[in-house]
Amino acid sequence: MANILLVEDDTTFSQILEGFLKKHGHEVDAVYNVKNGIRSLEKKEYDLLLLDYRLTDGNGLEVLNATKERGMHIPAIIMTSFNDVRTAVQAMRSGAFDYITKPVNADELLLVLNEALNRKTTTTAPASQQQNALSGFIEGNSEVSKKLYEYIKLVAPTDMSVIILGESGTGKEYVARSIHSLSKRADKPFIAVDCGALSKELAASELFGHVKGAFTGALQNKKGLFEAANGGTLFLDEVGNLSYEVQVKLLRALQERVIQPIGSTQQIRVDVRIITATNEDLPSANGNFREDLYHRLNEFKMDVPPLREREEDLEIFTQHFIKLANQELGRQIKRLSSGAMTVFRQYDWPGNLRELKNVIRRMVLLTESETAGMESLPDEMTFSVNQMPKTQSTDLKALNEGNEKELIKEILRQVKNNKSKAARLLNIDRKTLYKKMEKYQIEG
Ligand SMILES: Nc1ncnc2c1ncn2[C@@H]1O[C@H](COP(=O)(O)OP(=O)(O)OP(=O)(O)O)[C@@H](O)[C@H]1O
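Under full-length UniProt numbering, the residues of the sequence shown are numbered 1 to 444, in order.
What follows is the structure, given as C-alpha cells:
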C-alpha cells in the first residue's frame, strides 16, 4: 500500500483514477491544482506523486519542484497528452520518474506505478542486478552504435572520467552501467545520482554526507553517496544541474581524492570513478559550469545518438522492447505490422528509446493477437506522421530528410542563425546541428 498524491484538474477523470488506485490498495489524496498540491505536501508524507501536466494554475512540474525545494525524494509520474511528449521528456530531466500519455491505460499505469514505488532516486545496484542490466543491453546494428560500443569497451577498463552526451532517453545511464560492468570495479557499487532531482540545499550533503548538527534538520551523521560508491563508480546524471558550490567540492574530491562531510573537520579518502551525463555540451550550454571541473570530468567523451539517427537500430530495439513488454505483461506479441513499423520509421522520437519502450509497452497491452498494428498506436502519433508535407516521393528516407532540411532552415532563419538557440529549439545538440547543416549544405 502506498500513499499517493494525485493532482489532476479533470474532476471526473480524477475520481476514476482515485477509485482505481484505491481498489488496488493505495491511499489516495486527490487535489485539482498546483496550489493545493503543494499544500498537501506540507501536511503529509507521500510515497508517490501522480501529476497531470497541464493544470489550471500551472503545471505538474511545479509540484515536483516543490518537493525538491523541500529536500523530499518522492517519485513522480507525469500524465501528459501525446503532444506534450517533448515536455514530458523535459520533466524527466527535472527528476520525474516516468511519464504516461493520456488516455491513461489502467494496466500501464499500474505497471509504471509499481516500478516507481520499487525504485528510489539513487540506486545501488548489486553485482547481480548489473549483470541483468548488461544482458539486456542492445548493441545495435548501425555504424554509430557499433562505434559507441567500441568506445565503451575501450574506456571501461581504464579509470578515466567519462562524459556521456546525448538527448534524454537515448540510453546514457545504460552506457554508464555497461562501462562499470566491464571495468575492474564491476564487483563494487555503481551508484546513479540524478542531479536534476537533488535540491540545491541538500545536494552537497547527499553527495558528501554531513555530521549531526551541521544544519537544521541534520539530526544524525549521514554518509554521502561518494563514500557509498567507494571502490566503484558514481554516475552523475544531468551534471549541469549542480550548483557552483557543489561543483567546487566535486572538483576537490576528484583532484585530491578526499571528501569532507558538511560540518566535519575530518577528511575521508575515497576512490571513486566518475561518469557524468548531460544532454547539452558543457560548459558552452551552461555558462555557470566551471571549466576546470569540465576538463577534469571530460577525460573521455562519448556521444549517444538520438534514435532518429539510428534508423538501422529501430527494428532490433523494437523487437527487444516487445520481448520485455511480453515478459512484463504475460503476452505473446511476435511483431509489429508493416504499417506500424512504417510509422515508427517516420516518427522523430523526441523521447528516444524511453519513448519507444513506452509506446511499445502500450501497444503490447492493447493487442490481443500476435501482431500489433496501427490501431494500437497512439492516434496522435499516426497524426503527427501524417502531418508531414506530402511529396511525390515514395522514398521514406528522402521524405524524412527533406522535412528535416526544411525545418532546420526555417528555425535557423527564425533565430537569425544563432546555432545554440536553433539546436535547443530543434532538441538536438549543436554538434548534431552542424553535422546536419553540412549534410544538407545549409549555410549559416
Ligand atoms: N542499449 C540499450 N539496450 C537496451 N535498452 C536500452 C539501451 N539503452 C537504453 N535502453 C532503454 O531505454 C530507456 C532509457 O535509457 P536511459 O535511462 O539509460 O536513458 P538516459 O539517456 O540516461 O535518459 P535521461 O537523459 O532521461 O536520464 C531505459 O529504460 C532502457 O530500458
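All C-beta atoms in this analysis are idealised placements derived from N, C-alpha and C, irrespective of residue type, glycine included.
Near ligand 1: residue i beta-carbon under 7 Å from a heavy atom
i: D429; result: no
i: S168; result: yes
i: M92; result: yes
i: K421; result: no
i: residue 467; result: This structure cannot settle anything about residue 467, because the visible part of the chain is limited to 1 through 444.
i: N279; result: yes
i: G320; result: Looking at the sequence itself, residue 320 is His, so the reference to Gly does not match. Checking the Cβ of H320 against ligand 1 gives yes.
i: K357; result: yes
i: I360; result: no
i: F344; result: no
i: L353; result: yes
i: F137; result: yes
i: D237; result: yes
Rounded distance between the beta-carbons of residue j and residue i, thought under 8 Å
i: V364; j: A325; result: 4 Å
i: I316; j: I152; result: The Cβ separation is near 17 Å, so there is no contact.
i: V246; j: L207; result: 7 Å
i: S142; j: R345; result: Rounded, the Cβ-Cβ distance is 13 Å, inconsistent with contact.
i: E167; j: N403; result: About 19 Å; that fails the 8 Å criterion.
i: R119; j: P75; result: 7 Å
i: I163; j: F235; result: Not confirmed; about 11 Å, so no contact.
i: V272; j: F226; result: 6 Å
Delimiting residues of the beta strand (DSSP E) encompassing residue i
i: F208; result: It is not in any beta strand (DSSP E) - F208 instead sits in the alpha helix (DSSP H) that spans 203-208.
i: I191; result: 190-194
i: V415; result: Per DSSP, V415 belongs to no beta strand (DSSP E) and is neither H nor E.
i: E27; result: 27-31
i: L113; result: Run containing L113: none in the beta strand (DSSP E); it sits in the alpha helix (DSSP H), 106-117.
i: residue 470; result: Nothing about residue 470 can be read from this structure; the chain reaches only from 1 to 444.
i: T11; result: Not the beta strand (DSSP E): T11 falls in the alpha helix (DSSP H), residues 11-23.
i: T101; result: 98-102
Limits of the alpha helix (DSSP H) - the one that residue i falls within
i: E355; result: 352-366
i: Y149; result: 143-155
i: T158; result: It is not in any alpha helix (DSSP H) - T158 carries neither H nor E in the DSSP assignment.
i: V304; result: Careful: V304 lies outside any alpha helix (DSSP H) and carries neither H nor E.
i: Q346; result: 338-346
Residue i in three-state terms, based on DSSP
i: E404; result: helix
i: N326; result: helix
i: F137; result: coil
i: T391; result: Residue placement at T391 is poorly supported in this model, since its pLDDT is 46, which falls under 50; the coordinates still yield a value, given next. Correct three-state label for T391: coil.
i: V175; result: helix
i: Q130; result: Its pLDDT being 40, under 50, Q130 is placed unreliably in this model, and the value from its coordinates should be taken loosely. If DSSP states are grouped into helix, strand and coil, Q130 belongs with the helices.
i: T121; result: Low local confidence applies: a pLDDT of 41 at T121 is under 50, so the model's placement there is unreliable, and no value is given.
i: D187; result: coil
i: F215; result: coil
i: residue 448; result: In the structure as shown, the chain begins at 1 and stops at 444. Residue 448 is therefore absent and cannot be evaluated.
i: G444; result: coil
Handout entry: Segments assigned alpha helix (DSSP H), at least 4 residues, entirely inside the segment 237-300
Key = 244-256, 291-297
Handout entry: Uninterrupted beta strand (DSSP E) stretches inside the segment 44-94 (no shorter than 3 residues)
Key = DSSP runs (the beta strand (DSSP E)) wholly in the segment 44-94: 48-52, 76-81.
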